[in-house]
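> Here it is, the structure, as structure tokens.
Number of protein chains: 2
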Amino acid sequence: MIWFTEYWTENVGLTVKATEVKKIKSKYQEILILETPEFGKMLVIDGLIQTTERDEYIYHEMLVHPGLLAHPNPERVLIIGGGDGGSVREALKHPSVKEVHLCEIDEEVIIAAEKYLPTISEKLRDPKVKIFIEDGNAFLEEKKNYYDVIFLDSSDPVGASEVLFSKEFYEKVKASLKKDGIMVAQTESPILQEEYFKKAISQIKKVFRNVGVYLAFVPTYPSGMWSFTIASDYIDVVNTKRPEKVKELKTKYFCDSIYDCLFSLPKFVQDIINKS
Amino acid sequence: MIWFTEYWTENVGLTVKATEVKKIKSKYQEILILETPEFGKMLVIDGLIQTTERDEYIYHEMLVHPGLLAHPNPERVLIIGGGDGGSVREALKHPSVKEVHLCEIDEEVIIAAEKYLPTISEKLRDPKVKIFIEDGNAFLEEKKNYYDVIFLDSSDPVGASEVLFSKEFYEKVKASLKKDGIMVAQTESPILQEEYFKKAISQIKKVFRNVGVYLAFVPTYPSGMWSFTIASDYIDVVNTKRPEKVKELKTKYFCDSIYDCLFSLPKFVQDIINKS
């Protein structure tokens, strides 16, 4: 029996029992696949829990659906990061989507997800999906004015992912979006990673005219309170009317009432955002 | 340096660094006061985190304010459990409240809170507050048709607190409430303690006509997703109009937008409730 602890900060962590550990050393990072009685299979990169079979639907549904519903007719979607495939799977639930590009820097993440996490990665070989093993930053240079929605499904802003939280990067994302395009980024925990959260929001605000922040309960992420930021120049992403198609989505967390209350935040989170 | 782990289940726990530990053995339980770099002072009873200086406001605000705002003129309030005093402090923020009774079975919890957690326990000696060191179940027998709002600020439904989650107990609570009274109970984590959660909801539904469930992010409680259940026979607690006085409350989590979206739940939580 193994006890794995992810240290959320120097002073607190989540401790999870594992019965089996597979370790993969890639060019970029250390990938673990843990078999855990509580959460099923768990993907860990450089010591940080990325996704688990049991609760992955929360993060993936909440990253993907608000952005695709805020856009009137999303056809071309880009996901940067997200090699496990969960965001791809959710994006393909929208019939208007014709093309999903996945730009993942580390092929080993995809290989591990396809081998060990079939319910998460199941749509990676869908004909609408094209996988690019590339650095997201470099990839965006080649695709200008192309996407309807871009998702930043990155790991924490340390190491390889740090650049994905900079103003310069958000500007590149914007240039790769069409005029009425939408960006959605995971933006860390407002309560345990307030500095990362503030930094991301403040940089995104400098680049996009309409910015909204929303939260979801993700038990295996630091503090359990996770944030996402949706942004667009052209679309007033915070005030879109709920489309009928929300009801047609097969989801377990996201639903009408989550859509309607997406931007209702606790006071202290509003305060951080207003000061960012 | 000590690392303390609260095991949320057999297979997952929260691990917190502590620099100092005070241990108190009471007649009922083992009380720890941990000094932690992440959360400040932390109250632990029988191995379970009850409250911390850093995040206690979330639980206490969310337990107390919805119930006191749903009632048109709450004057008499009872808190069962809650010996740390956080719920008392929040209840006294409502000017209509004339009398707060705190019924705590274990005096040592109150003594420890007053000694080590002054910002939480600060209102326990307010002239409006009366403390009863008694078993909640026995206490209710003597107070019929008396309270406007009763809060069940109990620990988990194991040991001394198990009875506080039974239909018989909810019936006693109802008998102690006035006709238009309201009960609010903490009802565990829907995601890691689904069985407790279901049981509480199903019993409360048998006793009260109007029942609403809401959630809050509590980083130091199992899964970070915590539930509360508000119930009343006479008041339609789920459909009250937001009173103006929400804005006057000095709070850090609870606010207008939390009030407006209180009962907007993730789909899987709605599903559990509907089946309870």
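First to last, the sequence lines map onto chains G and H.
Numbering-wise (this note's numbering), the first sequence opens with residue 993 and increments by one.
Numbering-wise (this note's numbering), the second sequence opens with residue 993 and increments by one.
A virtual CB, placed ideally from N, CA and C, is assigned to each residue, including glycine.
Of all the options H:Val-1150, H:Val-1230, H:Ile-1142, which has the alpha carbon lying nearest to the alpha carbon of H:Met-1175?
Nearest C-alpha to H:Met-1175: H:Ile-1142.
> I want to verify the contact list: residues of chain G whose CB lies under 8 Å from the CB of H:Ile-1265, in sequence order.
Here the premise fails: no neighbours, minimum Cβ distance about 12 Å.
> Check whether chain H comes within 9 Å of G:Gly-1059, counting only Cβ atoms and requiring the distance to be less than that.
No, G:Gly-1059 does not count as interfacial toward chain H.
> Should the region 1228–1238 of chain G be regarded as contacting the region 1177–1184 of chain G, the criterion being three or more beta carbon pairs within less than 8 Å?
Taking 8 Å as the limit for Cβ pairs, the verdict is that the region 1177–1184 of chain G does not touch the region 1228–1238 of chain G.
> Based on DSSP bridge pairs, tell me the residues matched to G:Phe-1143.
In the DSSP output, where bridge partners are listed per residue, G:Phe-1143 has G:Ile-1071, G:Val-1176.
> In the region 1159–1187 of chain G, which residues sit with their C-beta less than 9 Å from some C-beta in chain H, listed in chain order?
Against chain H - using a Cβ distance shorter than 9 Å - the residues of the region 1159–1187 of chain G are Ser-1181, Ile-1183, Leu-1184.
> Between H:Lys-1233 and chain G, is there a C-beta pair that is closer than 9 Å?
Not an interface residue.
> Between G:Ser-1219, G:Ser-1215, G:Asp-1225, G:Lys-1107, which has its C-alpha nearest G:Glu-1163's C-alpha?
Comparing Cα positions, the closest option is G:Asp-1225.
> Closest to G:Ser-1158 by CA distance: which of G:Lys-1170, G:Glu-1186, G:Cys-1095, G:Ala-1192 is it?
When only C-alpha atoms are compared, the closest one is G:Ala-1192.
> Identify whether H:Lys-1135 lies in helix, strand or coil by the three-state DSSP scheme.
H:Lys-1135: coil per DSSP, three-state reduction.
> Quick check: is the beta carbon of H:Glu-1270 nearer than 9 Å to any beta carbon in chain G?
This structure gives no information on residue 1270 of chain H, because the portion of chain H shown stretches from 993 to 1268.
> Here's the rule: buried if 16 or more other CB atoms are within 10 angstroms of the residue's CB, otherwise exposed. What is H:Ala-1130?
By the neighbour-count rule (16 or more Cβ atoms within 10 Å), H:Ala-1130 is not buried but exposed.
> Starting from G:Lys-1159, trace the alpha helix (DSSP H) in both directions and tell me its first and last residue.
Taken as a continuous stretch (DSSP letters only), the alpha helix (DSSP H) holding G:Lys-1159 covers 1159–1168.
> If you follow the alpha helix (DSSP H) that H:Met-1054 is part of, which residue opens it and which one closes it?
Where H:Met-1054 is concerned, the enclosing alpha helix (DSSP H) stretches over 1048–1062.
> How big is the Cα-Cα spacing for G:Tyr-1188 and G:Ser-1219?
When rounded, the distance between both Cα atoms is 11 Å.
> In this structure, what does DSSP give as the bridge partners for H:Phe-1220?
Note: H:Phe-1220 sits in a beta bridge opposite H:Gln-1178, H:Tyr-1206.
> Three-state secondary structure (DSSP) at H:Leu-1094?
Residue state, collapsed to three classes: strand.
> Quick check on DSSP: helix, strand or coil for H:Leu-1116?
Correct three-state label for H:Leu-1116: coil.
> Quick one: using the 10 Å Cβ neighbour count with 16 as the cut-off for buried, is G:Ser-1113 buried or exposed?
Buried, because 16 or more other Cβ atoms sit within 10 Å of the Cβ of G:Ser-1113.
> For G:Gln-1195 and G:Gly-1151, I'd like the C-alpha separation in whole angstroms.
If you take the alpha carbons of G:Gln-1195 and G:Gly-1151, they lie about 19 Å apart.
> Quick one: does H:Leu-1040 have its CB under 9 Å from some CB of chain G?
No, H:Leu-1040 lies away from the interface with chain G (no Cβ there is under 9 Å from its Cβ).
> Distance check for H:Ser-1079 and G:Glu-1134, CA to CA, integer angstroms please.
Taking the straight line from one Cα to the other gives about 57 Å.
> My output table needs one value for G:Phe-1189: the three-state DSSP class, helix, strand or coil.
Helix at G:Phe-1189.
> Please identify the residue among G:Glu-1106, G:Lys-1107, G:Ile-1102, G:Val-1092 whose C-alpha is closest to the C-alpha of G:Lys-1122.
The shortest Cα separation from G:Lys-1122 among G:Glu-1106, G:Lys-1107, G:Ile-1102, G:Val-1092 belongs to G:Val-1092.
> Would you say H:Lys-1239 and H:Tyr-1049 are within 9 Å of each other, going by their C-beta atoms?
Cβ distance not < 9 Å, so H:Lys-1239 and H:Tyr-1049 don't count as in contact.
> Over the uninterrupted alpha helix (DSSP H) stretch that includes H:Tyr-999, give me the two end residues.
Per DSSP, H:Tyr-999 belongs to no alpha helix (DSSP H); it is in the beta strand (DSSP E), 994–999.
> Below 8 Å, how does it come out for the region 1011–1027 of chain G and the region 1017–1032 of chain H: are there three or more Cβ pairs, yes or no?
Taking 8 Å as the limit for Cβ pairs, the verdict is that the region 1017–1032 of chain H does not touch the region 1011–1027 of chain G.
> List the residues of chain G that H:Leu-1024 touches, going by C-beta distances under 8 Å, in chain order.
Ordered by position in chain G, no residue passes the 8 Å Cβ test against H:Leu-1024, which lies about 16 Å from the chain.
> Going by beta carbon distance, what residues of the same chain come within less than 8 Å of H:Lys-1267, once the five residues before and after it are set aside?
Once the five neighbours on either side are set aside, the close Cβ partners of H:Lys-1267 are Lys-1190.
> Ignore the nearest five residues each way along the sequence and tell me which others in H:Leu-1070's own chain have a CB closer than 6 Å to its CB.
Within the same chain, H:Leu-1070 has close Cβ partners His-1093, Tyr-1139, Ile-1142.
> Am I right that H:Lys-1170 and H:Asn-1202 are in contact with their C-beta atoms under 8 Å? What's the rounded C-beta distance?
The Cβ separation is near 15 Å, so there is no contact.
> Rounded to whole angstroms, what's the CA-CA distance from G:Leu-1055 to G:Glu-1126? Just pull it up for me.
Between G:Leu-1055 and G:Glu-1126, the C-alpha separation is close to 21 Å.
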